[in-house]
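Asks: Taking my numbering, the leading residue of the sequence shown gets 313, the next gets one more, and so forth. Glycine residues also receive a C-beta, built at the ideal position from the N, C-alpha and C atoms. Please read these numbers as outputs of a predicted model, since none were measured by experiment. Sharing a structure with you now.
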Amino acid sequence: MDQRIFEQGLSVEATSLYLLLSSLSDSGVPLILERVEPIWNAEPETLGASFEELAGRAIAFQDESGAWHLNPASQWRSA
């Protein structure tokens with residue numbers, strides 16, 4: 313996890329999703345929706361918006377298989 317996530321001005325939900333994805337990634341768990349949904353504790357409808365927020369800032373991206381990946385902070389876009 314990169315501490316700079318807290319300086320990005322993201323919504324609470326998007327920041328939480330980043331922390332969740334980072335934790336799963338560190339554990340070697342594939343970052344797929346089926347792994348994230350059961351442990352997402354915010355409103356279910358906010359999950360998609362949070363993924364979009366991370367993708368819009370190049371903090372995360374989805375590959376052609378549907379798996380998500382986290383970019384290093386050097387690739388993040390500012391608001």
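#1: What's the gap between the Cα of L366 and the Cα of Y330?
#2: Which word fits Q392, buried or exposed, when buried means at least 16 other C-beta atoms lie within 10 angstroms of its C-beta?
#3: Using the rule of at least 16 other Cβ atoms within 10 Å of the residue's Cβ for burial, across every protein chain shown, is V341 buried or exposed?
#4: For L382, which residues does DSSP report across the bridge?
#5: Provide the residue span of the alpha helix (DSSP H) that contains R316, from first to last.
Replies: Taking the structure as given:
#1: 8 Å
#2: A query on residue 392 cannot be resolved here, the shown segment of the chain reaching from 313 to 391 and no further.
#3: exposed
#4: A372
#5: Here R316 belongs to no alpha helix (DSSP H), and DSSP marks it neither H nor E.
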